[in-house]
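Structure first, commentary second.
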Amino acid sequence: MFSKKTIAFLRELAKNNNKDWFDLHRQRYEDEVRTPALEYIESMAQPMQKISPHMIVSAKKVGGSLMRVHKDIRFSKDKTPYKTNIGIQFKHERGKDVHAPGFYLHIEPGDVFIGAGIWRPENSTLRNVRLLIDENQAQWKKLSKKLVSKDGFELHGDSLKRQPAGFSADHPLIEDLKRKDFIAVQKLRVSQIYGKDFTRETAKLFKLAAPLIEFICEADDLAF
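Last residue of the sequence shown: 235 in the numbering used here, with the numbers rising by one and none dropped.
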């Protein structure tokens, strides 16, 4: 699957982020980036089925679990056309886009990590998660403490500066209720992506983070 050539290509792309260079090296992208990424996705089908049969694992070249290499530059000051990382998302079957609950793998020179949770959810989903935290405080504290203290994850994402509507500033879980994203992240060594056990290693981490996804799904009445 992934090799040192994968990282080398991404590093070179970062230095030559333009259409002419990419077109000249398109076959390298296919051989060193897209093909190994699709192989990894295929290898995750069975492990993810065991974690949750409601997560989509699709090894299609376009429109599947592999996120597109082309950037959306319409509203960005940075007009370079290509992403310089590999993004792989196993999202919930009911989700339409990257804002669905799911699992994520990020590969970039010097920055490899897995993530689980939900990023920039719709307001209704965010409200539902906050309400479930409020109604099940002991469950949430146990879940989040295990993720961070035992399983090696960090909770990432943006937060409100003030308490959300309907919650008091002195709520015992106010810092969690302020969250606008609910994402558990664990850093990996770049060298891990080259190993024959990479699928097994990441599947194990996804399984450890699954209770967070299950909690979010419960809040939004989604099957897990």
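Don't be surprised by glycine CBs; every beta carbon is placed ideally from N, CA and C.
Per DSSP, reduced to three states, the secondary structure at Phe101 is strand. When C-alpha distances from Ala221 are compared across Arg37, Lys82, Asp162, Arg22, the shortest belongs to Asp162. Of all C-beta pairs linking the region 171 to 180 to the region 119 to 126, fewer than three are shorter than 8 Å, placing the two stretches out of contact.
Assignment of Val73 by DSSP, reduced to helix, strand and coil, places it in the coil class. Burial state of Ile204 is buried, judged by a 10 Å Cβ sphere holding 16 or more other Cβ atoms. In the three-state reduction of the DSSP assignment, Arg45 falls in the helix class, which pools H, G and I.
Between Ile118 and Asn96, the beta carbon gap of about 6 Å places them in contact (Cβ cut-off 8 Å). Counting only unbroken stretches of 3 or more residues, the beta strand (DSSP E) elements lying wholly within the region 122 to 162 are 122 to 129, in sequence order.
By the Cβ criterion, the region 155 to 173 is not in contact with the region 103 to 114, since fewer than three pairs of Cβ atoms, one from each stretch, lie closer than 8 Å. Contact annotation, Val80 with Lys94: C-beta distance approximately 6 Å; criterion of less than 8 Å satisfied.
A straight-line Cα-Cα distance of about 29 Å links Leu154 and Leu77. In chain order, Met12 place their CB closer than 6 Å to the CB of Tyr51, counting only its own chain and leaving out the 5 sequence neighbours on each side. Using a Cβ distance threshold of 7 Å, Asp187 and Ile144 count as a contacting pair. With fewer than 16 other beta carbons inside 10 angstroms of its own, Pro183 counts as exposed. Per DSSP, the unbroken alpha helix (DSSP H) holding Ala221 starts and ends at 209 to 230.
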